[in-house]
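Residue numbers (my numbering): 853 to 1203.
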């Protein structure tokens, strides 16, 4: 059994099986999630008999295997991680000047099938476990040597975006468990203010994110009308925009309107980028506290869409900003290693 991904209560139960007192779970938690240790022998505050029992047991503190690591010129780093059953996902670190975000995957493949998304062209194989989600972040920290957990202000791996491969809200219980472990103040200790969860719009689960986790929400919107969204995002046929906006309102009623929702909007030439689309978009979100994130489409082989040109994107942004909506244009990162938004896929290296 891999102890990574167990809740505090589950970890305590495992130690009780070994005849240990409950307080040992707190000590072990510290060594796993604060210190990042992978060897029980190095956990010096645990008595030697306990360390020996852990070593001789079937317990591990295993990270996923790194099949491939790629580095882009802009310092973006991407890993292809393989799990015990041979399935794999991609995870990305996107650096800024003095900090950066780890983009975590939650499923092998994705069931949503958005036509512009490379991940969506890979059918869903399975959900990741809570341990497999947490272990991606721990492996990223291993890669940068960022153990023990530093102060929030001094972290290079400072933020988490749950918007890699898969739809987080279709694997919600495992995602919730993983994020609660990651946010625990006595372990990895990433503040909920530094975590953003992105969804294509699984309407019934959106209010639960505010209630259970209190993390930031990003909605992969990408269209101002049901007609356009139905064409490019099949999930809209199940959860149309009216229902999605209602769920976003519920999210803000629970979490507070100061908790802005980020509306992700990929700019597709001739599809969703007209002045009329911008005006329709503002009508759609009226009454919500939102900001837009305009994303030039990152093209990939076999996809029929093209990115809107720079002039059109700037015009679209200006129309939104004239009406007091923040609408920055996202700078694409890691494109040459297929690490940019919408480009992730469990692609194996060529032999």
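Quick reminder that beta carbons are idealized off the backbone N, C-alpha and C, glycines included.
- Of all C-beta pairs linking the region 899-919 to the region 932-940, three or more are shorter than 8 Å, placing the two stretches in contact.
- Cβ-Cβ distances below 7 Å link residue 1027 to 958, 985, 1014 and 1020 in the same chain, with the five nearest sequence neighbours on each side left out; the list follows chain order.
- Under the three-state reduction of DSSP, residue 1100 is assigned to helix.
- Residue pairing from DSSP places residue 931 in a beta bridge opposite 921 and 943.
- The Cβ atoms of residue 1031 and residue 1073 lie no closer than 7 Å to each other.
- In this structure, DSSP gives residue 1179 a state outside helix and strand, which the three-state scheme calls coil.
- Put simply, the region 952-971 touches the region 994-1013. At least three CB pairs are less than 8 Å apart.
- In the three-state reduction of the DSSP assignment, residue 1020 falls in the helix class, which pools H, G and I.
- Between residue 1155 and residue 1125, the alpha-carbon positions lie close to 18 Å from each other.
- Secondary structure of residue 1083 (DSSP, three-state): helix.
- DSSP, reduced to helix, strand and coil, places residue 1001 outside both helices and strands of the structure shown, so it counts as coil.
- Taking C-alpha positions only, residue 1176 is separated from residue 1101 by approximately 19 Å.
- Taking the CA atoms as reference points, residue 909 sits about 15 Å from residue 880.
- Straight through space, the alpha carbons of residue 1171 and residue 1127 are spaced by roughly 8 Å.
- For residue 995, there is no enclosing beta strand (DSSP E); the enclosing alpha helix (DSSP H) has its first and last residue at 982-996.
- For a cut-off of 8 Å, the C-beta gap from residue 1113 to residue 1140 is around 6 Å, short enough to register as a contact.
- Under the three-pair Cβ rule at 8 Å, the region 1039-1048 does not count as touching the region 889-898.
- Under the three-state reduction of DSSP output, residue 1037 falls in the coil class, being neither helix nor strand.
- Residue 1071 places its beta carbon less than 7 Å from that of residue 1115.
- Residues of the same chain with a CB within less than 8 Å of the CB of residue 1149, apart from the 5 flanking positions on each side, are 968, 1118, 1119, 1120, 1121, 1157, 1158, 1159, 1160 and 1194 in chain order.
- Rounded to the nearest whole angstrom, the CA to CA distance from residue 1103 to residue 924 is 36 Å.
- Collapsing the DSSP output to three states places residue 877 in a helix.
- Beta-bridge annotation (DSSP): residue 953 is paired with 946 and 1011.
- Burial is judged here by how many other beta carbons sit within 10 angstroms of a residue's own beta carbon; residue 901 has fewer than 16 and is exposed.
- Residue 1049 and residue 1069 have their C-alpha atoms some 5 Å from each other.
- Within 10 angstroms of the beta-carbon of residue 1089 lie fewer than 16 other beta-carbons, which makes it exposed.
- Residue 906 has its alpha-carbon roughly 43 Å from the corresponding atom of residue 1053.
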